[in-house]
Every structure is written in C-alpha cells, then in structure tokens.
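Data block below; observations after.
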Ligand code: AMP
C-alpha cells in the first residue's frame, strides 16, 4: 500500500493509473476507521481495479464550537485496517495541502442541503461538497463509495456529480450497525458506558416508527410522534431533529405513501449522533 501525503503526488499517481486503463474506486473518510468504512472499501475493491482511500479531517465542514480539534485520530491503526482491505493508495493530505494560503473557492449544493443537518450545522455541506469536489479532482475516480449513514451527504454528492457533469458513479452503501443496533460512527468513541447504553434508544425510536408505518400508518405527524415518544424515554438522549423527508430532495413530508427517509440527529452528553431508516411500502 502506497501512502501519499501531497496533492502533486496524488495527481501523478492517478494520472499513471488512468494511463494504464485502470478503473479507480475511491472511499473518502475522516479516519478512525470502523466496519462501516471497511464495508465501503470492500465495495470499492469489487467495483474498481485499484482502491484509493483518503483520510482527511476536513476543517471546512466543522462549525465553530464543533469537535474538529478533538475528532478521534489513529493513523497507525487506520493504515493496518486499510492494508487488510487491500487498499492500493492511502491519501492523507494535511490541511495546508488541501487549503493553502489564499484558498477561496467553495462549492455550494443548494436545495438538498437546506433541511436536516443543513439547518443545525450551517456551512457543513458547503465544506463537504468543497472537499469532495477537490478530492475527486485529485483522485479522478471512476467510482466513489459513500455510506447511507450520512444520507443527506450521499444525496448532496450525487447532486454535485450530476450538476457539475463529473464523470463518475456514486455508490451508496447501507448503514453498518453494532450487534445491538447502534449505527457505527467514529464519534461513538466519545461515549461513556452509560451514554453508549442510552444511545441505543435512537435506533429503537426509528424502528418503532417504521413498525407503525408497516402497520399502515401514513401520517408523518403520527409516525414522528411515535419516534419522539420512544426517544424521550431516555432523558440522556436530547433531540436535535427528527424528520420524515423524501429521499431525493430531503424535503419534509406530511404523508408517507411509498417511500421516505426517517432521519434524526441527537445529542448524548457532548456527542452529536445521527441515524436514519428508510420507510418503503413493500
Ligand atoms: P466519516 O469518516 O465519518 O466521514 O465517514 C466516511 C464514509 O463512511 C462516509 O461515506 C460515511 O457515510 C461512511 N460511514 C460512516 N459510518 C458508517 C456506517 N456505520 N455504515 C456505513 N457507512 C458509514
């Protein structure tokens, strides 16, 4: 596995691979890797001839007072995990490489970033879209693999690729969960034992609403109330939002007929966690 730190070297490497006719699969991450990330890498291995993974804790997607400085990092362990998944190139640029002095260009994907996390984290998706556009220009992937854990992010990247006529396929992969249902996240490492236990209520609440939907309930108000009722059972879980949105535009729905995304963000202690579940008529 080749580890690349500079933008120039990454460009050269991808140019060489493309000249050989190799199809590049790419998994962008912020590191502190877990099984969720590894599932994306497995998909990437299948999809392309070479697998590129990036680890970059992107400062422009963090707001003031968020956890940029204390975001968990363990590059040595991440390298081992990447090697284990057969990663060919690990790209680990510094913030200075990605945003040199006088950097001033940003990508703004408009409508789909307005709701959900866009409301509670102003500027977040602008940072995400910008860094992903930059990474795509450096890596020049044929396939990029993202997790449905960050569903709004996945929709945003699909939009970016379509609107800017980028020549790659964006592949979405299902949420990987711990055995007890908690969605895997690098931020789970912040949780105390007690918070970890309380956080189980998030997926419980999503499932409770899904169950009602499967029993025939179609009113978003009723479905959301059921999810809120379950969340409130656990006082340590403080709701940021819980919403039912359409899966393409991320707009609030009043009734769910065929399909919707039930998405939530909560705070458990100091830790912000997100999760979602799809409701789909069978
Ligand atoms: P992050 O390192 O948290 O920025 O995540 C990098 C990629 O991994 C994103 O595409 C995430 O959606 C994806 N990811 C994170 N957690 C999970 C999970 N539990 N299941 C599936 N994909 C995930």
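In the working numbering, the protein residues as written are 2 to 283.
Quick reminder that beta carbons are idealized off the backbone N, C-alpha and C, glycines included.
- Taking 8 Å as the upper bound for CB-CB distance, residue 240 and residue 224 are not in contact here, some 15 Å apart.
- Scanning its chain for C-beta atoms nearer than 6 Å, with the 5 sequence neighbours on each side dropped, one finds around residue 42 the residues 28 and 86, in chain order.
- Remark: the C-beta of residue 177 is in contact range of the ligand AMP, defined as less than 7 Å to any heavy atom.
- One Cα belongs to residue 189, the other to residue 88, and the distance between them is close to 25 Å.
- In the structure shown, the three-state DSSP call for residue 225 is helix.
- Collapsing the DSSP output to three states places residue 198 in a helix.
- A distance below 8 Å separates the beta carbons of residue 55 and residue 136.
- Only residues of its own chain outside the window of five on either side were considered, and among them 221 have a CB closer than 7 Å to the CB of residue 255, listed in chain order.
- Taken in chain order, the complete alpha helix (DSSP H) segments of 4 residues or longer contained in the segment 102–179 are 118–121, 125–140 and 152–164.
- Contact between residue 126 and residue 157 holds: CB atoms are separated by about 5 Å, below the 8 Å threshold.
- Annotation: residue 166 to residue 257 spans about 32 Å, alpha carbon to alpha carbon.
- The Cβ atoms of residue 242 and residue 120 sit closer than 8 Å to each other.
- Residue environment analysis places residue 76 among the exposed positions, since fewer than 16 neighbouring C-beta atoms fall within 10 angstroms of its C-beta.
- Across the structure, residue 122 and residue 271 are spaced so that their CA atoms are roughly 15 Å apart.
- Per DSSP, residue 12 has no beta-bridge partner at all.
- If you look at residue 79, you'll find it in the alpha helix (DSSP H) that goes 76–85.
- Distance from residue 2 to residue 91 at the Cβ level is roughly 6 Å; contact confirmed, criterion being Cβ atoms closer than 8 Å.
- With contacts defined by Cβ atoms closer than 8 Å, residue 169 and residue 207 do not form a contacting pair.
- In this structure, residue 153 has its CB at a distance of at least 7 Å from all heavy atoms of the ligand AMP.
- When the five nearest sequence neighbours on each side are left out, the beta carbons in the same chain lying within less than 8 Å of the beta carbon of residue 74 are those of 32, 33 and 58, in order along the chain.
- The C-beta distance from residue 30 to residue 128 rounds to 15 Å, too long to fall under 8 Å, and the pair is not in contact.
- Per DSSP, reduced to three states, the secondary structure at residue 263 is strand.
- Taking a 10 Å sphere around the C-beta of residue 9, we find fewer than 16 other C-beta atoms and assign the residue as exposed.
- If the five residues before and after residue 261 are omitted, its C-beta is found closer than 6 Å to the C-beta atoms of 245, 254 and 280, all from its own chain and listed in chain order.
- Not one heavy atom of the ligand AMP falls within 7 Å of the beta-carbon of residue 57.
- With fewer than 16 other Cβ atoms inside 10 Å of its own Cβ, residue 47 counts as exposed.
- Of the other Cβ atoms in all chains shown, fewer than 16 fall within 10 Å of the Cβ of residue 194; this residue is therefore exposed.
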